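Per the numbering used here: the sequence shown ends with 1404, consecutive numbering throughout. Some notes on the structure that comes next.
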Amino acid sequence: MCAAQLTFFRCKLEAEKRTILERAQNTLDSMQNNEPRSDPNDRATTEEEYLLEFRVRDRERKLLKKIDEALIRIDEGTYGWCAETGEPIGIPRLLARPTAALCIEAQERREMNNWLYDD
């Protein structure tokens, strides 16, 4: 992968990271600024909204970890190469999932093994 491509993916990953962090801060600000509701139904609705928001933020927290790992791979010079096979991951896959650490074939094998051995 050339330097321009690595720069492109670094910018893409950093932009996604900033967006996630901004959404997390917005959620925190919103929760701190909301006044408690006295009506039990309103309170229940608010709590349900918070639970949904927390689930989304938890998924994004996991994505942040993958983004950081991808940025480290860029720094180390291993970004764009499959962690299992050493083969190129491919630009189309990285455009679709910039955090990908496995080529499609390795990812499919891993998913198939997980499916076969799931309880």
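For every residue, glycine included, the Cβ atom is placed at its ideal position computed from N, Cα and C. Source: prediction; values computed, not measured.
- No residue range can be given for Pro1373, since it is assigned to no alpha helix (DSSP H) and is classified by DSSP as neither H nor E.
- Rounded to the nearest angstrom, the gap between the Cα atoms of Leu1336 and Glu1361 is 38 Å.
- Closest option to Thr1312, judged by alpha-carbon separation, among Arg1328, Asp1327 and Glu1334: Glu1334.
- Distance from the CA atom of Tyr1364 to the CA atom of Glu1338, rounded to whole angstroms, is 31 Å.
- Of the other Cβ atoms in all chains shown, 16 or more fall within 10 Å of the Cβ of Leu1298; this residue is therefore buried.
- Counting C-beta atoms within 10 angstroms of its own C-beta, Ile1376 has fewer than 16 neighbours from the protein chains shown and is therefore classed as exposed.
- The beta carbon of Leu1349 sits closer than 8 Å to the beta carbons of Lys1302, Ile1305 and Leu1306 from its chain, once the five residues preceding and following it are set aside; these are given in chain order.
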